[in-house]
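Below is one structure, written out as structure tokens, with a few remarks after it.
Protein chains: 2
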Amino acid sequence: MSFDRAVAQSADLPNSPTEDDPRHHVVVIGAGFAGLQLVQSLRKSGVRITVIDQRNHHLFQPLLYQVATTILATSEIAWPIRSLFRDRPDVTTLLARVCGVDVTNRQVELADGASIGFDTLVVATGARHAYFGHDEWEATAPGLKTLEDATTIRRRLLMAFEQAERETDPAKRQAFLSFGVIGAGPTGVELAGIIAELARHTLWRDFRRIDTRQARVMLIEAGPRVLAAFPEDLSTYAAEALRRRGVELLLGKPVTDCTAEGLRIGETFIPCRTAVWAAGVAASPAATWLGAKGDRAGRVEVQPDLTLPGHAGIFVIGDTATVKGPDGHPVPGIAPAAKQQGAYVAKVIRTRLTGKPAPAAFRYRHQGNLATIGKGAAVVHMGRLRLRGKLAWWVWGLAHIFFLIGTRSRTAVAFSWLWTYLTGQHSARLITQGTLTESNE
Amino acid sequence: MSFDRAVAQSADLPNSPTEDDPRHHVVVIGAGFAGLQLVQSLRKSGVRITVIDQRNHHLFQPLLYQVATTILATSEIAWPIRSLFRDRPDVTTLLARVCGVDVTNRQVELADGASIGFDTLVVATGARHAYFGHDEWEATAPGLKTLEDATTIRRRLLMAFEQAERETDPAKRQAFLSFGVIGAGPTGVELAGIIAELARHTLWRDFRRIDTRQARVMLIEAGPRVLAAFPEDLSTYAAEALRRRGVELLLGKPVTDCTAEGLRIGETFIPCRTAVWAAGVAASPAATWLGAKGDRAGRVEVQPDLTLPGHAGIFVIGDTATVKGPDGHPVPGIAPAAKQQGAYVAKVIRTRLTGKPAPAAFRYRHQGNLATIGKGAAVVHMGRLRLRGKLAWWVWGLAHIFFLIGTRSRTAVAFSWLWTYLTGQHSARLITQGTLTESNE
């Protein structure tokens, strides 16, 4: 690919401080929920904004697991970042990889050697998976953060059924028909629920030698219950709903090994050829760039106004930062929290520019938790409202469609869901990249 | 990936001749248009069928260029092969790679070491691109045959605009904004038309430093006119419609070199960082497997009943074979021709099994040619009917929607087209795989 050569050739950047633009320059690294909200909240604020992301698209991560499980197409939950800002001439989008920040000279350093000056910097680079010191597990049990992660997991799930169909040794065949999801937060619960539905309802008539309904789907959690962030009665309901769908719950014991042959849970080894990691997250390397103090997960510890200690012009928000909520607990790594932080920082920047008094410290307002388990089953916890079952499932679906960007995606996702709901068929059952052509020779 | 290990372990196959099934066993290699039609036409014929394909999906190739140009999602034009045959217990689908055929012992040999016996073999493995002895050009100018090809071209197109936005040297920037499509058959014309629309209508408001409307889109053809298979007046119309859309036609001179820096056309070197190959095709290696005589493009020369000379139980159909039409010209490599051959071979197999007299030699019925140039412009040539412009465009669109498989895909494609038509926006503008994360370090 000619990209490396190309960026190496590029010299001055459009927004480098050599350019003669008197406006206050806000540089945002990362166009996830936090970064996007910040830019939206800075509309007509008089600043100029540069958004840097290493990908060309904003991703609606809460539905990524549905791409991994063949329900949605990649383009239904991802939008080109620059098209989101097409009507904002104050915003410049850069597809580039950041490798460091010079906090003293206020420069963001890019991997291609260029650098970009800023007046205010907002770091919103999100998180990756944490394997608790076992990074070698990633090859066996990939996590789910990017579109590529989702298509990788989709390929592995579908290939496992194909391999089981070809396998004649019953023990080996069962290993191909065993699926392990590690971590029983919302993503893990949603993944396990859909994999069970895929095996039990979508695929079984397609195969001739295996009965996909015999697949073993395990949800593995070191803690004592699923959906630990929810009240206990909703956890109990979710566990029951998972079991009814044929998901086996392995609670209270950590995964102690993870190989291509299977998983070790506590002392027990379970043959299992397909695993997905939905357990811990680690922040992006932003703390290292900033020379800042990070917590155990690498998240930057920020001031009450979300600035980096000692650097009033640098904010760290979203999953990259660790912030205490009003109850003393850390603010959770979910989309609404990231958006609130983006909106808050926009307010701080506006008050600084107009010389008004700074707003009070950032205060997280928890709106609620939602998780779906499968067709007709979900849990919703919003303040005093606790829902489960069909109604919760509709609330979950409508909320997610509402938060998608644009009529196009809302219609497409609604149609995909309706189709899956009515026919039980998933439309995105594609094995792409690394198919037999590439991997088998 | 654990696949290699898995297939190496697999022993006997479900349909190997050791299995005690008295039914006549038809093995089909390739689930493209020809293979799929064959299986459909063999419904209730009393044979058992094994379909072998190295991919898990059937692909609607006529619309693949719309995936490459960000209009359609991959899953809108591809379907899992085994789900197409879910209601056919007589059909077994194998995801496997064929590496040879033992014509004497009637065995298909798979890359994993297994082999599958057959009573009748139908080879329908399609074609790849031909670079006329310059295989090194493929890296620079990829062709468009698979979903991976389409996402690769999509990534390159979008990356070229991104790189142009970052480039400050005007000459280099213009090279990034130059796009060469090589070959002016229907695929080349359709690609060039949409790339021009993408640059002129879809992208221009998204960038800040470049004017994407200044992009140079070249359609390069060694022959004297575009759409050589069409009558001359329709070619003239198509050329005019392309020019109106800003496509530059370079006709009558072959591409003589193809590098990452640009294309040499005749003696002239044109800087151009993105090229797509839509010129020649070469058949799959089936001729080699069969030890058969191939033409210059590697297509197997078959008997009038589409059998391999000297092997009445082996048929070769679709783009893998070369067959003369009633006018003495070779049958074109298009979907209707492949389908007719599949249906014909099913008829031959049926008559053989029932002892009825063999049908007459295969006779290709040409139904017509269609090609689209861009929004509101297409050409249709069906017998005496010649259409151009808006009406032809609607005919083209409806015909393609009609030939898609299933309500799901028809609705999704119709909706995607309607959206693009009304808003000018393309929904699948995603750069995936080989993004900065992977390629830039």
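For the record, the sequence lines run as chains A and B. With the first letter of the first sequence counted as 1, position 432 gets the number 473 in the working numbering; the numbers rise by one all the way through. With the first letter of the second sequence counted as 1, position 237 gets the number 278 in the working numbering; the numbers rise by one all the way through. For each residue, glycine too, the CB sits at the ideal point set by N, CA and C.
Beta-bridge partners of leucine 260 (chain B) (DSSP): B:Val222 and B:Leu290. For alanine 114 (chain A), the closest Cβ of chain B is nearer than 8 Å. Neighbours of phenylalanine 456 (chain A) across chain B, judged by C-beta separation under 8 Å: Thr452, Ala453 and Phe456.
Alanine 216 (chain B) and glycine 154 (chain A) have their C-alpha atoms roughly 22 Å apart.
At a C-beta separation below 7 Å, serine 468 (chain A) has these neighbours in chain B: Ser116 and Arg449. Taken atom to atom, the span from the alpha-carbon of valine 68 (chain A) to that of leucine 136 (chain A) is near 13 Å. Within the same chain, Cβ atoms closer than 6 Å to the Cβ of isoleucine 311 (chain B) are found at Gly303 and Leu304, the five residues on either side in sequence being excluded.
One finds nothing in chain B with a Cβ atom closer than 8 Å to the Cβ of alanine 72 (chain A); even the nearest lies about 13 Å away. Residues of the segment 77–111 of chain B with a Cβ closer than 8 Å to any Cβ of chain A, in chain order: Gln95, Arg96, Asn97 and His98.
As computed with DSSP, arginine 284 (chain B) is found in no beta bridge at all. As DSSP reads the structure, glutamate 342 (chain B) sits in a beta bridge with B:Thr363.
In terms of CA proximity to histidine 99 (chain B), B:Pro121 leads the group B:Pro121, B:Tyr106, B:Ala114 and B:Thr111.
Proline 121 (chain A) carries a strand assignment under DSSP once its states are collapsed to helix, strand and coil. A distance of 8 Å or more separates the beta carbons of alanine 263 (chain B) and lysine 213 (chain B). Judged by DSSP secondary structure, tryptophan 458 (chain A) falls within the alpha helix (DSSP H) whose first and last residues are 447–464.
For arginine 127 (chain A), the chain B residues whose Cβ falls inside 8 Å of its Cβ are Arg246 and Asp247, in order along the chain. Residue contact with chain A for proline 121 (chain B): present (Cβ-Cβ distance below 8 Å to some residue of chain A).
Under the three-pair Cβ rule at 8 Å, the segment 441–456 of chain B does not count as touching the segment 86–97 of chain A. Of all residues in the segment 130–151 of chain B, the ones placed with a Cβ closer than 8 Å to any Cβ belonging to chain A are Pro130, Thr133, Thr134, Leu135, Leu136, Ala137 and Arg138, in chain order.
The beta carbon of threonine 253 (chain B) does not come within 8 Å of any beta carbon belonging to chain A, so the residue lies off that interface. In chain order, Ser156 and Gly158 place their CB closer than 6 Å to the CB of glutamine 148 (chain B), counting only its own chain and leaving out the 5 sequence neighbours on each side.
Around histidine 242 (chain A), the same chain offers Gly465 as residues with beta carbons nearer than 6 Å, after the five sequence neighbours per side are excluded. Taking all protein chains in view, the Cβ of arginine 284 (chain B) is surrounded by fewer than 16 other Cβ atoms within 10 Å, so the residue is classified as exposed. Glutamine 215 (chain B) is outside the set of residues whose beta carbon lies under 8 Å from a beta carbon in chain A. CA-to-CA, the gap between histidine 175 (chain B) and alanine 182 (chain B) works out to about 11 Å. DSSP, read as helix, strand or coil, puts leucine 244 (chain B) in coil. In the three-state reduction of the DSSP assignment, serine 156 (chain A) falls in the strand class. The criterion of a C-beta distance shorter than 8 Å is satisfied by alanine 240 (chain A) and alanine 256 (chain A). Counting every other CB atom within 10 Å of its CB across the protein chains shown gives arginine 470 (chain B) a total of 16 or more, marking it as buried. For glycine 321 (chain A), DSSP records a beta bridge to A:Ala171. At a beta-carbon threshold of 8 Å, the residues of chain A lying near isoleucine 472 (chain B) are Arg96, Asn97, His98 and Leu136, ordered along the chain. Against chain B, a Cβ distance below 7 Å from tryptophan 460 (chain A) picks out Arg449. Two segments are said to touch when three or more pairs of C-beta atoms, one from each, lie closer than 8 Å; by this definition the segment 350–364 of chain B touches the segment 60–80 of chain B.
Residues of the segment 175–203 of chain A with a C-beta atom less than 7 Å from some C-beta of chain B are Leu188, Glu189, Leu199, Met200 and Glu203, listed in chain order. DSSP links cysteine 140 (chain A) through a beta bridge to no other residue. The continuous beta strand (DSSP E) containing phenylalanine 310 (chain A) extends over residues 309–312.
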